[in-house]
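Engineer: My numbering applies: residue 1 is where the sequence shown begins, and numbers increase by one. Before we start, here is the structure in question, set down as structure tokens.
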Amino acid sequence: MTGDALIWDIFLRGVACGCLAATGVGLAREGVSIHARIAGALFCLATITYAINSSEALHVIFAPVMPAVWVLSVAGAGYTWLFLYVLFEDQKLGWRTLAPVALLFVVGMAGADAPDGVRQKIWIGHNLIEAVLALHAIFFIARSWRGDLVEARRQLRGPFLGAVAVYMIVLSSFEISEAMGYDAAWHRIAGSASLAAFSFAGAAAFLKLRAGLFGRVTAATVAAPEPDGDPQDRVIAARLAAVMEKDALWRTEGLTIGTLAEKLGAPEHRVRRVINGHLGHRNFAAFVNAHRIEAAKAALAAPDNATRTVAALAFDLGFGSLGPFNRAFKEATGLTPTEFRNQTLQSASPNSGNPR
């Protein structure tokens, strides 16, 4: 790398590190959920260390701490995926969300100590895992876009955070080509420029953080409180209560925000605002499932339904298959539908409290 290119590389990586540090400060604000704070901190730290680790010049500057820098950066793409998953899917940190990151970390560590003949194959596998995580990020960003009820988050999906996944794919492509022996000089500058642009966009977005972007502002409810302010919102809220509670529109399989808005005779953005701002739901699926789960609890607790299968109840409530019903029910109650039914019916049994 020439002298001018080296200066530009260091400068662009410095810009990226500064922007990432600013993003971390923005995510530490009050109102951000603990899951988003942790995922955001891991993302910022791992990306900063990646910016250092992927520069030969910065290797010299940070030589005393390079082993720690390398360890923190080896699963950087995984931390990016984790942060996006927490942000867009309202996921919580747990074994299911941390497992892909752990896999990426373990494969990277294995590649560091592997014999020369095996190391290249391990690193290609590591980069392929990064690409898969990037593709998954693109998938869930696009999948839940229409049903997202948080306006600030909807605005981030296309112009900025969708590009993050694209950047991850480009980065993985560069690294795979380098692992296979194709190393072009322009890769370094292109990579550092992309990283700087991505980091600047992130800082610009998250330093203007709006309430409700991360985590829940208020507890979600099924019944709508009386909206304050806009009279049109009050009208929509009344219609919403009628179609969801009296007409049981939530039983419709595949119900979408567009279908509901059409039924209410209101624009989608106003329906989103009422459901998010006055009911506290962050995505449309959670709003619909809240009604379904309440009905499921009543059905499972009814002795008359004791012989009906859980699958039959799930289909009656509008779920397309048993798996999503089981997951939604356990997330809401902490029990599987079968466990809830057994526990409820046993406690309601006349003999359940009689001493023997």
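Glycine residues also receive a C-beta, built at the ideal position from the N, C-alpha and C atoms.
Pairs of beta-carbons, one from the region 53-67 and one from the region 81-93, closer than 8 Å: are there three or more?
Structural biologist: no
Engineer: My output table needs one value for residue 247: the three-state DSSP class, helix, strand or coil.
Structural biologist: coil
Engineer: Is residue 148 helix, strand or coil when you go by DSSP?
Structural biologist: strand
Engineer: Between the C-alpha atoms of residue 155 and residue 246, what's the straight-line distance to the nearest angstrom?
Structural biologist: 33 Å
Engineer: Which residues in the same chain as residue 57 place their Cβ atom closer than 6 Å to its Cβ, once the five residues preceding and following it in sequence are excluded?
Structural biologist: 6, 10
Engineer: Return the CA-CA distance between residue 277 and residue 32, expressed in angstroms with no decimal places.
Structural biologist: 17 Å
Engineer: For residue 40, which of 338, 76, 274 has the nearest alpha-carbon?
Structural biologist: The residue among 338, 76, 274 with its C-alpha nearest the C-alpha of residue 40 is 76.
Engineer: What residues in its chain sit with their C-beta under 6 Å from that of residue 319, if we drop five residues either side in the sequence?
Structural biologist: Sequence-distant Cβ neighbours of residue 319 in its own chain, meaning closer than 6 Å and more than five residues away, are 325.
Engineer: Quick one: using the 10 Å Cβ neighbour count with 16 as the cut-off for buried, is residue 139 buried or exposed?
Structural biologist: exposed
Engineer: Assuming residue 78 and residue 283 are in contact, meaning their beta carbons sit under 8 Å apart, how far apart are those beta carbons, in whole angstroms?
Structural biologist: Actually they are not in contact, since the Cβ atoms of residue 78 and residue 283 sit about 24 Å apart, beyond 8 Å.
Engineer: Could you check how far apart the C-beta atoms of residue 267 and residue 300 are, in whole angstroms? I think they sit under 8 Å.
Structural biologist: Rounded to the nearest angstrom, the Cβ distance from residue 267 to residue 300 is 37 Å, too far for a contact under 8 Å.
Engineer: Alpha carbon to alpha carbon, how far is residue 42 from residue 72?
Structural biologist: 9 Å
Engineer: Take the Cβ of residue 54 as the centre, count every other Cβ of all protein chains shown within 10 Å, and call the residue buried at 16 or more, exposed below.
Structural biologist: buried
Engineer: One question on the structure: do residue 315 and residue 293 come within less than 9 Å of each other, judged by their Cβ atoms?
Structural biologist: no
Engineer: Leaving out the 5 sequence neighbours to the left and right, which residues in its chain are closer than 6 Å to residue 203 when beta-carbon positions are compared?
Structural biologist: If you ignore the 5 residues before and after residue 203, its C-beta comes within less than 6 Å of the C-beta of 19, 22, 23, all in its own chain and listed in chain order.
Engineer: In terms of residues, what are the limits of the alpha helix (DSSP H) holding residue 102?
Structural biologist: In the DSSP assignment, residue 102 falls within the unbroken alpha helix (DSSP H) covering 95-113.
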